[in-house]
Amino acid sequence: MSFAVRAEGLTVRYGRTTALEDVTLELAPGTVHGLLGRNGSGKTTLLQTLAAFRRPSEGRVLVDGEDPWENPRVTQGVCLVRESGDVLTDLRMRDNLAYYEGIRPHFDRELAGRLMDTFELDPARKPSKLSRGKKSAFGVVVGLASRAELTIFDEVHLGMDAPSRFAFYDALMADYVEHPRTIVLSSHLIDEVQRLLEGVVILDHGRVLLSEEAESLRARGVSITGPRDAVEQLVEGRTVLRRQHLGRTTQVMLDGALSTEERTQAERLGLETGPVDLQSLFVHLTERTTEGATR
């Protein structure tokens with residue numbers, strides 16, 4: 087019940103604007119993937135192409151081994167939810183749920199009901215009458231309850247308050263564990279979603295900057311915490327991604343792993359070491375390309 091995804095030389099243009107350029111990547115089935123990128127990086131265009139909302143200008147997309155464009159077998163197994171919720175705004179929410187139950191073969195009405203309660207949504211109301219956050223929450227209900235083989239959430243958290251966002255993350259992981267499928271989560275709130283991610287794709291200026299397992303990406307750097315003087319002694323000459331001070335304690339995040347000698351020195355100095363968070367790596371990597379290192 088999971089779709090694999092492959093893009094090969096994918097280019098998408100809008101008139102003279104190139105939104106995606108020569109994108110090649112694979113998304114393993116049965117995995118939660120994070121799609122990261124700054125505004126205008128091409129994330130939404132990529133997701134719309136995977137969901138057959140747009141056709142490639144060049145190259146191709148394969149979902150479960152087939153072109154999704156005008157492919158009923160594939161498209162009924164792909165659910166794209168954007169901030170707007172992608173629902174029938176002038177029908178009551180209960181009627182929306184009945185509609186999606188009819189077109190999504192794995193739709194779970196019981197799960198939808200539980201999520202409606204979680205997000206305090208009244209089934210008798212119309213999405214058009216909801217606040218921005220409640221509209222997003224209803225999109226989450228439809229996306230999760232659809233249990234599509236490829237489920238895509240494109241910045242669906244926008245407008246949701248913190249309790250609602252974390253309720254979404256918890257519900258996503260709980261149902262994913264019980265019913266594995268391929269999930270793509272696009273978000274700017276990297277600190278919040280990084281615990282969910284097994285794979286990470288970073289887009290920059292319409293190109294793939296990297297695509298790899300989340301743990302492998304985290305292993306690219308290291309955090310070091312301890313007395314300021316000791317920390318600065320250890321990191322002298324290294325590329326620092328982020329530096330934070332709290333009283334006499336300093337935490338820095340470095341680009342690249344520590345050598346055996348550096349780890350020994352860190353232990354001797356009484357410093358704590360750990361992995362780097364994805365947000366710091368993301369900011370660092372995209373700052374490089376913004377400054378023109380690769381484009």
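In my numbering, each residue carries its 1-based index in the sequence shown increased by 86.
C-beta: ideal position from N, C-alpha, C; glycine also.
Keep in mind that this is a model prediction, so the values were computed, not measured.
Original post:
Would you call L121 buried or exposed, if buried means 16 or more other Cβ atoms sit within 10 Å of its Cβ?
Top reply: Position 35 of the sequence shown, counting from 1, holds the residue named residue 121. Looking at its Cβ environment, which holds 16 or more other Cβ atoms inside 10 Å, L121 is buried.
Original post:
Any idea what DSSP makes of E187, helix, strand or coil?
Top reply: Here residue 187 is taken as the residue at index 101 of the sequence shown, counted from 1. When secondary structure is reduced to three states using DSSP, E187 falls in the helix class.
Subject >> Best match in T131, E373 and S217 for proximity to T103 [C-alpha to C-alpha] >> reply: As a working note, residue 103 is residue 17 in the sequence shown. Comparing Cα positions, the closest option is T131.
**OP:** Give a yes or no on whether the C-beta atoms belonging to V147 and A93 are separated by under 8 Å.
**Re:** Here residue 147 refers to the residue found at position 61 when the sequence shown is read from its first residue. Here residue 93 refers to the residue found at position 7 when the sequence shown is read from its first residue. Yes, the pair counts as a contact, with Cβ atoms nearer than the cut-off.
Original post:
Of the residues A114, V338, D290 and D150, which one's Cα is nearest the Cα of G360?
Top reply: Taking the first residue of the sequence shown as position 1, residue 360 is located at position 274. It is V338 whose Cα lies nearest to the Cα of G360.
**OP:** Ignore the nearest five residues each way along the sequence and tell me which others in R218's own chain have a CB closer than 6 Å to its CB.
**Re:** Numbered from its first residue, the sequence shown carries residue 218 at position 132. The beta carbon of R218 is closer than 6 Å to those of G245 in its chain, skipping five residues each way along the sequence.
Original post:
By Cβ distance below 8 Å, which residues in the same chain neighbour E36 in space, the five residues on each side in sequence not counted?
Top reply: The question about residue 36 has no answer, for the chain in this structure spans 87 to 381.
**OP:** My understanding is that T110 touches V294, with C-beta atoms under 8 Å, so please give their C-beta distance in whole angstroms.
**Re:** For this step, residue 110 is matched to residue 24 along the sequence shown. For this step, residue 294 is matched to residue 208 along the sequence shown. A Cβ-Cβ separation of about 7 Å places T110 in contact with V294 under the 8 Å criterion.
Subject >> Inter-residue Cα distance where the pair is S302 and D181 >> reply: Along the sequence shown, one-based indexing puts residue 302 at 216. Along the sequence shown, one-based indexing puts residue 181 at 95. If you take the alpha carbons of S302 and D181, they lie about 44 Å apart.
Original post:
Could you give the distance in angstroms between the alpha-carbon of G101 and the alpha-carbon of G307?
Top reply: For the purposes of this step, residue 101 is taken as the residue at position 15 of the sequence shown. For the purposes of this step, residue 307 is taken as the residue at position 221 of the sequence shown. Using only the alpha carbons, I get a separation of about 40 Å.
Subject >> Coil, strand or helix - M179 by DSSP >> reply: Walking along the sequence shown from the start, residue 179 turns up at place 93. Here M179 sits in helix by DSSP.
Original post:
Taking F239 as the reference, which of M202, L340, K129 and R334 has the closest Cα?
Top reply: By one-based count along the sequence shown, residue 239 stands at place 153. Distances from the alpha-carbon of F239 to those of M202, L340, K129 and R334 put K129 closest.
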